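Okay, structure first, notes after.
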Amino acid sequence: MSSIATTPNIEWKMPDRGRVGVICLITTETALFTIFVVAYLFYIGKSLTGPYPKDVLEFPVWATIALLSSSLTVFMAEHSVKHGRMGAFKLWLGVTILLGAEFLRQTGIEWYQLIEHDHLTITTNLFGTTFYSLVGLHASHVTIGLILLLLTFLISLGGGMKSQARRFEFLSWYWHFVDAIWIVVFTVVYIVGR
Amino acid sequence: MRVRVPEEGPHRATYMRVEHRLLALAFGGIPLAMAQTNNSVENMFKPVSTPAQHIVDVSILVLAICAVIFLIVGGLLAYTLVRYRRRSVTDEHEPAQVYGSNQIEIAWTVLPIIVVLVLTMATARVISAIQNRANPADALQVTVVGHQWWWEFRYPGLGIVTANELHVPASTATIQKLTFLKLQSADVAHSFWVPRLAGKTDVIPGRVNTMWLEPKQTGTYLGNCAEYCGTQHANMLLRVIVHTPEEFEQWAAQQKTAAVVDPQVQNGRALFLSLSCVNCHTVSGTTAAGTFGPDLSHLMGRETLASGAIPNGVTNLRSWIQDPQAIKPGNLMPNMQLNDKELDQVVAYLGSLK
Amino acid sequence: MATADYPLEQPHRATKEFSLPSVLHEWIVTVDHKKLGIMYIVASLFFFVVAGLMAAVMRAQLAIPNNTLVPPEVFNRLFTMHGTSMVFLVGMPFLAGLANYLVPLMIGARDMAFPRLNAFGFWIFLFGGCLLYFSYIAGEGLAGHGSAPDVGWFAYSPLTERAFSRGSSTDYWTLSILVAGIGSLASAINVIATVFTMRAKGMTLLRMPLFVWLLLVVSGMILIVMPPLSAAQIMLLLDRYLGAHFFDTQAGGSAVLWQHFFWIFGHPEVYVLILPGFACASEIIPVFSRKPMFGRAAMIGATVSIAFLSLGVWAHHMFAVGMSARSNMFFAASTMMVGVPTGIKIFNWLGTMYGGKIRFDTPMLWCIGFLFQFLIAGLTGVMLAVAPFDWQLTDSYFVVAHFHYVLLGGLLFTYFGAIYYWFPKATGRMLSEKLGKWHFWLLVIGFHLTFDTLHFPGLLGMPRRIYTYPTGRGWDTLNLVASIGVVFQAAAILCFVWNIVQALRKGKEAGDDPWDAWTLEWATTSPPPEYNFVTIPEIRSSRPLWDRKHPEDPDWKYE
Numbered sequence: 001m002s003s004i005a006t007t008p009n010i011e012w013k014m015p016d017r018g019r020v021g022v023i024c025l026i027t028t029e030t031a032l033f034t035i036f037v038v039a040y041l042f043y044i045g046k047s048l049t050g051p052y053p054k055d056v057l058e059f060p061v062w063a064t065i066a067l068l069s070s071s072l073t074v075f076m077a078e079h080s081v082k083h084g085r086m087g088a089f090k091l092w093l094g095v096t097i098l099l100g101a102e103f104l105r106q107t108g109i110e111w112y113q114l115i116e117h118d119h120l121t122i123t124t125n126l127f128g129t130t131f132y133s134l135v136g137l138h139a140s141h142v143t144i145g146l147i148l149l150l151l152t153f154l155i156s157l158g159g160g161m162k163s164q165a166r167r168f169e170f171l172s173w174y175w176h177f178v179d180a181i182w183i184v185v186f187t188v189v190y191i192v193g194r
Numbered sequence: 001m002r003v004r005v006p007e008e009g010p011h012r013a014t015y016m017r018v019e020h021r022l023l024a025l026a027f028g029g030i031p032l033a034m035a036q037t038n039n040s041v042e043n044m045f046k047p048v049s050t051p052a053q054h055i056v057d058v059s060i061l062v063l064a065i066c067a068v069i070f071l072i073v074g075g076l077l078a079y080t081l082v083r084y085r086r087r088s089v090t091d092e093h094e095p096a097q098v099y100g101s102n103q104i105e106i107a108w109t110v111l112p113i114i115v116v117l118v119l120t121m122a123t124a125r126v127i128s129a130i131q132n133r134a135n136p137a138d139a140l141q142v143t144v145v146g147h148q149w150w151w152e153f154r155y156p157g158l159g160i161v162t163a164n165e166l167h168v169p170a171s172t173a174t175i176q177k178l179t180f181l182k183l184q185s186a187d188v189a190h191s192f193w194v195p196r197l198a199g200k201t202d203v204i205p206g207r208v209n210t211m212w213l214e215p216k217q218t219g220t221y222l223g224n225c226a227e228y229c230g231t232q233h234a235n236m237l238l239r240v241i242v243h244t245p246e247e248f249e250q251w252a253a254q255q256k257t258a259a260v261v262d263p264q265v266q267n268g269r270a271l272f273l274s275l276s277c278v279n280c281h282t283v284s285g286t287t288a289a290g291t292f293g294p295d296l297s298h299l300m301g302r303e304t305l306a307s308g309a310i311p312n313g314v315t316n317l318r319s320w321i322q323d324p325q326a327i328k329p330g331n332l333m334p335n336m337q338l339n340d341k342e343l344d345q346v347v348a349y350l351g352s353l354k
Numbered sequence: 001m002a003t004a005d006y007p008l009e010q011p012h013r014a015t016k017e018f019s020l021p022s023v024l025h026e027w028i029v030t031v032d033h034k035k036l037g038i039m040y041i042v043a044s045l046f047f048f049v050v051a052g053l054m055a056a057v058m059r060a061q062l063a064i065p066n067n068t069l070v071p072p073e074v075f076n077r078l079f080t081m082h083g084t085s086m087v088f089l090v091g092m093p094f095l096a097g098l099a100n101y102l103v104p105l106m107i108g109a110r111d112m113a114f115p116r117l118n119a120f121g122f123w124i125f126l127f128g129g130c131l132l133y134f135s136y137i138a139g140e141g142l143a144g145h146g147s148a149p150d151v152g153w154f155a156y157s158p159l160t161e162r163a164f165s166r167g168s169s170t171d172y173w174t175l176s177i178l179v180a181g182i183g184s185l186a187s188a189i190n191v192i193a194t195v196f197t198m199r200a201k202g203m204t205l206l207r208m209p210l211f212v213w214l215l216l217v218v219s220g221m222i223l224i225v226m227p228p229l230s231a232a233q234i235m236l237l238l239d240r241y242l243g244a245h246f247f248d249t250q251a252g253g254s255a256v257l258w259q260h261f262f263w264i265f266g267h268p269e270v271y272v273l274i275l276p277g278f279a280c281a282s283e284i285i286p287v288f289s290r291k292p293m294f295g296r297a298a299m300i301g302a303t304v305s306i307a308f309l310s311l312g313v314w315a316h317h318m319f320a321v322g323m324s325a326r327s328n329m330f331f332a333a334s335t336m337m338v339g340v341p342t343g344i345k346i347f348n349w350l351g352t353m354y355g356g357k358i359r360f361d362t363p364m365l366w367c368i369g370f371l372f373q374f375l376i377a378g379l380t381g382v383m384l385a386v387a388p389f390d391w392q393l394t395d396s397y398f399v400v401a402h403f404h405y406v407l408l409g410g411l412l413f414t415y416f417g418a419i420y421y422w423f424p425k426a427t428g429r430m431l432s433e434k435l436g437k438w439h440f441w442l443l444v445i446g447f448h449l450t451f452d453t454l455h456f457p458g459l460l461g462m463p464r465r466i467y468t469y470p471t472g473r474g475w476d477t478l479n480l481v482a483s484i485g486v487v488f489q490a491a492a493i494l495c496f497v498w499n500i501v502q503a504l505r506k507g508k509e510a511g512d513d514p515w516d517a518w519t520l521e522w523a524t525t526s527p528p529p530e531y532n533f534v535t536i537p538e539i540r541s542s543r544p545l546w547d548r549k550h551p552e553d554p555d556w557k558y559e
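Chains as they are written, first to last, in the numbering used here: chain A, 1 to 194; chain B, 1 to 354; chain C, 1 to 559.
Structure follows, in structure tokens:
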């Protein structure tokens, strides 16, 4: 055996710990959303009183377009910061933030409509309970993502993002994750649940 | 239709009995021994009803398999510890370094898989025998409603409502008499468990569960609520009284009559009906029609009060009404703050409700 | 040998002056994985003693029938707090403590991947624990009802809904566990990141000690199974504070859904708790048998398959809720399947000892106790998996005896073994063998008196969680015997505490490697310096210290 000669020269490279951490975070968040989605599916059609989803829900088309396209812009931002194009980075990041904020604004309008006009609150029936919980849980994740994006934007205005391309990658993964969850929520709430 | 397995069926009785005895020694020795000294001991290994018998049959098989596994593995462990102990403290020589063996690994993976398959099949058979039992038209139907902390029993076919003591007929050699229970809850989750009659089934609000009994032997069988349901979970006791079919008919006929009206306790009756007792309790034939507490129409026909907390009798009834919280702390019956005279009158009236 | 970036000596240690505020400050602001590990374990042992005292009070109440030592409400709080504490404030932090202390040492790392997250995890866990106990003071809330939570550790709905649980006692249960769960997640993420990114050169995944492997699997499980509990608890909070109806049966909510969510967490949680025990046994048994782990690869495979199977067995806690016959059959079969990899583990430990030269030092004694007791616990587990048998046994004292066999006879015994084994590493002092043997045998006697006996009232119809019972049902003597066992257990714990105190004061010097062991943590000093290793050895097999001690016959020749 010639292991003595070969072993000391092995290549020893470990993955980036930040990446592993973010993957773990996304895994555990996925498990959290899964339970809320299961609860939503379980309670479809089990409300004892109205209003029912088909009476009050409308497709949030514009919100969906805004959020999904923000995935693209955050990708562009990540691409720019990796290549050191800080101007483009700030631009794409700004657009992402605007799109995210627009999504939240749309959700706010939708909730206002539901509460004020359709009299659907979280206490009304099981539909209200599961709807506000699931959509609210997602919206709170969008909010957290938005706050982090805003912080990043502020830091980049001060010129502090130049050496942080790697870290922005983690934030961008999180944002993609929030987008992907929206696809699930949209499917469950506005297609299956209606 | 599934064929009922007779309790003492000739084809299985013999080998079960032998194993029974073996396992009584190996595992169930203490409870079996204790069961002989006291007849209110509810030993699950002394079933008197078909579902409980099915459970014992499969349990004996499981216990036997587990006992064999324990003897083999435990024996091997003990042997290894003795045989391969370090014999001398000064012995610093390391033993042969063995890293594993694929053949052995495969062997001790496959063998347990076989055991699991056997157990799974035996389990599936009994699950099916118990859960897929059809509800025949001539079975007695009872609705069981769990309350914090008492049991309500309704016999919709007979028009009877009673509490805490379930009366059912026994199956005899000639007439098969099944009782099907529909389990519902008025508040939180409970569980209906009378070990010698059947396994437990939970009683869950917003859900209807079913279970069935087929008692073969008359007598009184005790049970408990087996799902934690709040402060007085411990005193949510159950008793099932198994009658011969004839006795059961008599009991049912008696229960169907309206509550006794005894002119001697007229004052107590009037007082009772004027108090807020009637908000929670029913006495048939009167204006008392509450359903939050147990039906009192035939109160004195029951063996216990407060869901098994104390034996029934005029003295205990008086202490119970005087201060329910002293007997069953946390229960939902309020102290009515009656003076001695009122107490005597109400107790006299309730005591007349045979 | 490579030169170190770190000083070879530790001059700062010798010169540092000793004063209480500075020591406190050092421990409070620390991000060192070893200090955090010790803090986790000390906190866990503290809650262990508290929750153990609660158990003692419960056994005193149940020693005789119709006892009135504690009123029902108090008893119900006791078992709720006992169960909740033992799972979330004893089992979870102990495993986090072991993982924190040992994983970096065993893989040749100088700290965890995220030291500050690690400190955060500890402090938020401790906050959660204190919050739970704060309920005794503040649980009354504005409604003037209740004090500590009294809904049982699995908090079945709708008993937890506002209608049945007024005041804020249930909210203390919910919030404190939610918060402590964040701590568990932080520590799990840390372990995973550390294992994947910080292994010393040559430490391939397959060469990692089994301890690290099992903790890695446990951490992965925590990531997946904690969120269902957190989600269900968030829903419960929404029900209680915003008037949602998730588990409100009056408005169509489902009581059974809570049970599903709880046990999707709860059953894998049992494996999360017990696998670290297996991990300790898998380190201790080989060293004291003087042989490598028999079938390492099979052990790893069995662990991973236990993890996967455990995700598909949760409803065996719910055989009595009235599921369909088909579901019952599925969960019975899947539960019994878990017995297969578990059996493989027991056989592999047996195979390790077979042909060895077994030394009966205290750590090994605990592991031997564990093997026998866990065998019985596994077999009663098979009985409970047989759904019809379970219809009799579930929620009875048989189940109480079964899971105490798992968690006390199995887990606690390995944890004591782990403490005796690694205490010299962490403190530089040996625990007394003599006191250790007293500790062991007293606990064996107490444990068997209490928990062997408790199987039988279950067969005689005694449900769990009752604060009193009538006489004449065959439960009296059995309960009295079980309660007497507690005296022996308490004496054992006193021996243990005394042993620790004595060892810290004047214990024998341990030296770097008192057990002649083979994993990396024994290559550094006892206690290890803050940076763990002066030079990190090159790893070429799963037993790096064997290779060093036996250059003529190293393991790597066989890998």
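Every residue gets a Cβ at the ideal spot worked out from N, C-alpha and C, and that includes glycine. Given the structure is predicted, the values throughout are model-derived calculations rather than measurements.
The three-state reading of DSSP puts B/Trp149 in coil, since its state is none of H, G, I, E or B. Here C/Ile358 carries a strand assignment [DSSP, helix/strand/coil].
For B/Asp57, there is no enclosing beta strand (DSSP E); the residue is found in the alpha helix (DSSP H) stretching over Thr50 to Arg83.
Only buried fits C/Phe451, as 16 or more other CB atoms lie within 10 angstroms of its CB.
The shortest C-alpha to C-alpha distance from A/Val20 to any of C/Val70, C/Met112, C/Val340 and C/Thr80 is the one to C/Met112. In the structure shown, C/His439 adopts helical secondary structure according to DSSP, grouped into three states. The C-beta of A/Ala139 comes no closer than 9 Å to any C-beta of chain C. In the three-state DSSP reduction, B/Asn209 falls in the strand class (E or B). Note that the C-beta distance between A/Ser156 and A/Lys90 is below 9 Å.
Rounded to the nearest angstrom, the gap between the Cα atoms of C/Ala96 and C/Asn348 is 26 Å.
At a cut-off of 9 Å between beta-carbon atoms, A/Lys54 makes no contact with chain C. In the three-state reduction of the DSSP assignment, C/Trp213 falls in the helix class. Excluding residues up to 5 positions away in sequence, Leu69 and Ser483 lie with their Cβ nearer than 7 Å to the Cβ of C/Ala60 in the same chain. Inclusion of B/Gly146 and B/Cys280 in the CB contact set at 9 Å is not warranted, their separation being larger than that value. Residue-level contact by beta carbon fails for C/Lys291 and chain A, as no gap is shorter than 9 Å.
For B/Gln266, same chain residues with a beta-carbon under 7 Å away, outside a window of 5 residues either side, do not exist.
Chain order gives the chain B residues near C/Lys357 as Tyr84, Arg86, Asp91 and Pro95, where near means a beta carbon separation below 7 Å. When the Cα atoms are used, C/Leu24 and C/Leu131 turn out to be separated by approximately 22 Å. For A/Trp12, a Cβ of chain C is located within less than 9 Å of the residue's own Cβ.
Here C/Leu504 is not near C/Val481, since their CB atoms are 9 Å or more apart. The beta carbons of C/Val386 and B/Leu71 sit no closer together than 9 Å. If you check the CB distance, C/Trp258 and C/Leu236 come in under 9 Å. Closest in alpha carbon position to C/Ile137, among C/Gly128, C/Ala148 and C/Phe127, is C/Ala148. For the pair B/Lys200 and C/Gln392, the CB atoms are nearer than the 9 Å cut-off. Apart from the 5 residues on each side of it in sequence, C/Arg465 sits with its Cβ closer than 7 Å to the Cβ of Phe79 and Gly152 in its chain, given in chain order.
Every unbroken stretch of the alpha helix (DSSP H) spanning 4 or more residues and falling wholly within the segment 12-51 of chain C is given here in chain order: 20-28. For chain B, none of the residues of the segment 40-66 of chain C brings a beta carbon within less than 7 Å of one of its beta carbons. Of all residues in the segment 199-222 of chain C, the ones placed with a Cβ closer than 7 Å to any Cβ belonging to chain A are Arg199, Lys201 and Gly202, in chain order.
Not flagged as an interface residue toward chain C: A/Ile144, since no C-beta distance is shorter than 9 Å.
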